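Participant:
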Amino acid sequence: MAKKLNIKDKYRLLTRDLDWEYSYEDRKEAFPFEEFEGIKITDWSKWEDPFRLTMDSYWKYQAEKEKKLYAIFDAFSQNNGHLNVSDPRYVNALKLFLTGVSPLEYQAYQGFAHVGRQFGGVGARVACQMQAIDELRHVQTQIHAMSHYNKFFDGFQDYSHMHDRVWYLSVPKSFFNDARAAGPFEFMVAIGFSFEYVLTNLLFVPFMSGAAHNGDMATVTFGFSAQSDEARHMTLGLEVIKFLLEQHEDNVPIVQKWIDKWFWRGSRLLTIVAMMMDYMLPNKVMSWKEAWEVYFEEAGGALFKDLARYGIKMPKYAETIEKEKEHISHQAWWTFYTHGHAAGFHTWIPTDEELDWLSEKYPDTFDKYYRPRWELAKEMEAKGERFYTKALPQLCTTCQIPMLFTEMDNPTLNSFRDTVHNGERYHFCSDGCKDIFEDEPEKYVQSWLPVHQIFQGNCGGPDVENVLSDFYRMNLGEDNMDMKGSPDEKRWKQWKGVA
Amino acid sequence: MTIEIKTATLEPVRNTFAHIERRFGDKPATRYQEATYDVQSEEFFHYRPLWQPEKELNDPSRTAILMADWYDFKDPRQFYYGTYVQSRSKMQEAAENNYAFFEKRNLASHLPDSITEKLIRYLVPLRHLEHGANLNNMYASSYGYGTAITQACLYNGMDRLGIAQYLSRIGLILDGNSGDALAEAKLVWMNEPIWQGIRAAAEKMTVTEDWFEVLVAQDVVLDSLMHDLIYNQFDQWLQDNGAQDIGMLTEFMQVWNKDTSRWVDATLKVAVAESDENKALLEKWISEWKGILLEALAPLADDMLGGDALSQAEAALDKRLTKAGLFK
Amino acid sequence: MSKVYIALQDNDESRYIVEAIEEDNPEATIIHMPAMIRIEMEGRLTVNRETVEEKMGRDWDVQELHLNLITLGGNVDEDDDSLSLHWNE
């Protein structure tokens, strides 16, 4: 009987060994992007494959997952599962997800497909290719999960068009454009490591647990199903980092710089998630502050202790972000509330119980800085003067978030930085974003900042209303404005048979 | 009372996403449609790629093929991720049963050495060619435009990896898991004259710039010729010479080819029908690559089969090209 | 010392995997959450194929873990007979 090859050797023969040394063409022409970032790879064969999944196993396990998942999607729509959500306000979190996050999964497919072709090492290529197809899985299963909600709620219908144009959606879009526009090694550190390893739980747990706590079976099921793919992605991210750091000591400072940059950009991106957790889930999971403590401070702590032996330090500005966890969700939701006429989802004043929960979870900050705003908002709403701002916000050139952040040591002071480059002044929300710009100004001056573009007349107009309806394709009076009085709310009441 | 209200008023507000409605009207959409149309970002990118600053991140001008609507490349199989993996899962289950049976019955030991040698010389080295095909389809997927065609290229690329792995397993079956057959087949791929033209062409495809050209060179020209030579003609030879059991191990590739051809044929047809310019360009590319590959494959065809094996393969390719509206 | 962790979907099959983990890793803490079972411990956590097979009553491939896995933390070592997690410190 044939001797059984161990899994490592067999996998090597089934993957590594497929590649060959070129004789007829210059291999550097086939793989032209290996050197321009300054990263030094001495030996691709040192790449470790933690999960040695061959394609036949991949197809088998993934098909089984899909069968189960789609059975639930079918049951969900057949049984009008959307009626089981805790509260129709919850659905607005899903609108933010489909318009803001799902298109990133698509970009992730594209980015991993790119590096899955361009990396010189076949082990790394195969791992990245599997991630590419996983990410396509995620965007498509998300679209299918949301398909049912799209039929019954406003704000989902033009997610792709909106993602390309809308002011707050350029935050996630530019994040991933930045990663894809970078070289292959930076892409891997940005997405494979910083996003998919360090920060992934901070995206997933809020949305998926949020779904579980609020009766959204479709999203929960998607979430759990996708998470097992994420386990593979996390191991890839960790492998990339270790591989780069072990290949050559010259890689260490480059990788550190990328970790610093992407950790900052990633945490800025998560502002929207923080706001979602604290303000958009009627049944709360945990506060953003708590999530940050568990999923970054604890889990991230263990990780960076492990990486210390390579000379890698905790990301720059980690202490700033620690302070920010007390504030960013409040500052963000307030911005969306006051700009609710221009948002593709509904906004609202938290209920009294919710305000009390926020006080409890943020004992050092909420009552002092944020509750008074909501009290004022309530007064104005009661007088029939629900506040909508007349202005458009200035955006940070790097992260593209409105300049709504404050100095964390003095939350009554706007955080405002600027720099001059080639005679033009650029504005930033923070030292982190300013650093990123100053390191690569030629890149960030290209940003398509939605508010600048509106003022330059590139988004139609002349009024904001025209921009929203014609350029963004928002259905005014349906997608936007307060939850109170919205068609979503009216329909919900009809379905539930309440007045 | 409540139940009546629920059923009476639970009309959907809309049948599908707005961009699907703009294309197909206000009616429920298929899962393929919702997963495919207009998903890819089209405008207002923020930064040009550092690695290709003359292009945008998603850029239709990475190919000289011009399309008014890149979503005309709808996949006749309607594969989105879910239906793709389920299709391949069924195929792999059948393959797995075949491989298990082959190994359980030790069918390799019934093969005369001369046959085993031929398999190592002609079949197993294909694992490297399939690896090249993986690279080429991933290239098309990452540089291509529009979810319709790029997702199909991604699936094709992953399929090639799977096939390369099956071919590797065939090698392991032949050498009792020692790895010797694979090592030998690699030397054949690297050094034997009958393979060098093919290897050179495979390398050339990976330095070709236009992704549509790469797609056509690989999935149309090379695959048609190679499939006919190996899985049609050589397969027949094996059957005629008492090695029909090998068919169990290559059945996956046969089923795969039939499935994938539907997509390749449809894609080619759409590109041709779009414009005279596309047609002329495709004819130019195909003529060039056909010339290269016929010359490259001649020694292999001769050594493996002799006679007019190569012209038979060429005829199979030509038939396909005619069907797509080319060269007429 | 940092903790490694693994989280599984809370279903029939996972139950056996969790039992096996408990048996082979006595210092592990098992935490039940909605629809999820999280296991953490300091040091090295190992899932042994043989133990799982014993609990499940059928042949089991280590790679089948993918069907039940939600997330994990730590450096992964996988082979035909086991999967383990550890941090290098």
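So the sequences go chain by chain: A, B and C.
For the first sequence, counting from 1, position 48 maps to 254 in my numbering; every step adds exactly one.
For the second sequence, counting from 1, position 63 maps to 69 in my numbering; every step adds exactly one.
For the third sequence, counting from 1, position 23 maps to 1197 in my numbering; every step adds exactly one.
Ideal Cβ positions, reconstructed from N, Cα and C, are used throughout, including at glycine.
These numbers come from a predicted model, not from an experiment.
1) Would A/Ala-538 and A/Leu-451 qualify as a contact pair, given that the criterion is a beta-carbon distance under 8 Å?
2) Okay, do the stretch 38-51 of chain B and the stretch 190-202 of chain B touch, 3+ Cβ pairs below 8 Å being the bar?
3) If we ignore side chains and look at the alpha-carbon of each, how far apart do B/Phe-240 and A/Arg-679 end up?
4) Within this structure, are the beta carbons of B/Leu-323 and B/Leu-235 separated by less than 8 Å?
5) With a threshold of 16 other CB atoms inside 10 Å of the CB of B/Gly-88, please say whether the residue is buried or exposed.
6) Could you name the residues of chain C that A/Arg-515 contacts, counting a contact when the two beta carbons are closer than 8 Å?
7) Mind checking which residues open and close the alpha helix (DSSP H) that includes A/Gln-606?
8) Counting only beta-carbon separations shorter than 8 Å, does A/Pro-412 have a partner in chain C?
9) First and last residue of the alpha helix (DSSP H) that includes B/Leu-167?
10) What residue does the beta strand (DSSP E) around C/Tyr-1179 start on, and which one ends it?
11) Here's a check: name, in chain order, each residue in its chain whose Cβ is nearer than 8 Å to the Cβ of B/Asp-119, leaving out the five neighbours to either side.
12) List, in order along the chain, the chain A residues whose C-beta lies closer than 8 Å to that of C/Glu-1252?
13) Tell me whether the stretch 211-225 of chain A and the stretch 129-144 of chain B touch, counting them as touching only if at least three CB pairs, one residue from each stretch, are closer than 8 Å.
14) Is the beta carbon of A/Gln-313 less than 8 Å from the beta carbon of A/Arg-218?
15) Would you verify that the beta carbon of B/Pro-18 is, or is not, closer than 8 Å to some beta carbon of chain A?
16) Find the residues of chain A that neighbour C/Asn-1222, judging by a C-beta separation of less than 9 Å, and give them in chain order.
17) In chain order, what are the residue ranges of uninterrupted alpha helix (DSSP H) at least 4 long that sit wholly in the stretch 278-323 of chain B?
18) Could you round the C-beta distance between A/Thr-595 and A/Thr-553 to whole angstroms and report it? I think they count as a contact, below 8 Å.
19) Which partner residues does A/His-350 have in the DSSP bridge list?
20) Are the stretch 87-107 of chain B and the stretch 255-272 of chain B touching, with three or more C-beta to C-beta distances below 8 Å?
21) Excluding the five sequence neighbours on either side, which residues of its own chain have a C-beta within less than 7 Å of the C-beta of B/Arg-268, listed in chain order?
22) Quick check on the burial criterion: 16 or more other C-beta atoms within 10 angstroms. Buried or exposed for B/His-116?
23) Classify B/Ile-9 as buried or exposed, calling it buried when 16 or more other Cβ atoms lie within 10 Å of its own Cβ.
24) From the DSSP output, in three-state form, read off B/Lys-12 for me.
25) Could you run through the stretch 1237-1249 of chain C and flag, in chain order, every residue whose CB is less than 9 Å away from some CB of chain A?
26) If you draw a straight line from the C-alpha of A/Met-261 to the C-alpha of B/Asp-165, how long is it?
27) Is the CB of C/Ala-1273 under 8 Å away from at least one CB in chain A?
28) Can you pull the chain C neighbours of A/Asp-512, defined as C-beta to C-beta under 8 Å?
29) Output, in chain order, the set of chain E residues within a Cβ distance shorter than 7 Å of A/Ser-263.
30) I need the straight-line Cα distance from C/Asp-1233 to A/Trp-265, nearest angstrom please.
31) Looking only at its own chain, which residues have a Cβ that is under 7 Å from the Cβ of B/Ser-174, when we skip the five neighbours before and after it?
32) DSSP three-state label for B/Arg-205, please.
33) How should B/Glu-294 be labelled, buried or exposed, when 16 other C-beta atoms within 10 angstroms of its C-beta is the threshold for buried?
34) Give me the residue from A/Gly-429, A/Ser-229, A/Phe-413, A/Gln-453 with the minimum Cα distance to A/Ser-251.
35) 8 Å is my cut-off, CB to CB: does A/Met-207 come that close to chain C?
36) In angstroms with no decimal places, state the Cα-to-Cα distance between C/Ser-1256 and C/Asn-1199.
Facilitator: Well, looking at it:
1) Contact: no.
2) no
3) 58 Å
4) Cβ atoms of B/Leu-323 and B/Leu-235: not closer than 8 Å.
5) buried
6) Asn-1262
7) First-last for A/Gln-606: undefined, no H or E at that position.
8) no
9) 153-180
10) 1177-1183
11) none
12) Chain A residues near C/Glu-1252: Ile-213, Pro-256, Phe-257, Arg-258.
13) Verdict: yes, contact present.
14) no
15) Yes - at least one Cβ of chain A is within 8 Å of the one on B/Pro-18.
16) Chain A residues near C/Asn-1222: none, gap ~15 Å exceeds 9 Å.
17) 282-310
18) Wrong, their Cβ atoms sit about 12 Å apart, outside the cutoff.
19) Partner(s): none; A/His-350 has no beta bridge.
20) yes
21) Pro-82, Arg-83
22) exposed
23) Legend: pLDDT at B/Ile-9 = 47, less than 50; position of this residue unreliable, value from coordinates given subsequently. Result: exposed.
24) With a pLDDT of 46 at B/Lys-12, under the threshold of 50, the modelled position of this residue cannot be trusted, and the question is left open.
25) Gln-1237, Glu-1238, Leu-1239, His-1240, Leu-1241, Asn-1242, Leu-1243, Ile-1244, Thr-1245, Leu-1246, Gly-1247, Gly-1248, Asn-1249
26) 8 Å
27) As shown, chain C starts at 1175 and ends at 1263. That puts residue 1273 of chain C outside it, with no answer to give.
28) Ser-1176, Asn-1249, Trp-1261, Asn-1262, Glu-1263
29) As a matter of chain content, chain E is missing from the structure shown, whose protein chains are A, B and C.
30) 20 Å
31) Arg-133, Leu-188
32) Helix, per DSSP.
33) The residue is exposed, with fewer than 16 neighbouring Cβ atoms inside 10 Å.
34) Here the closest residue by C-alpha is A/Gln-453.
35) Residue placement at A/Met-207 is flagged as unreliable, the pLDDT there being 45, under the threshold of 50; the coordinate-derived value follows with that caveat. Judged by the 8 Å Cβ criterion, A/Met-207 is not in contact with chain C.
36) Using only the alpha carbons, I get a separation of about 13 Å.
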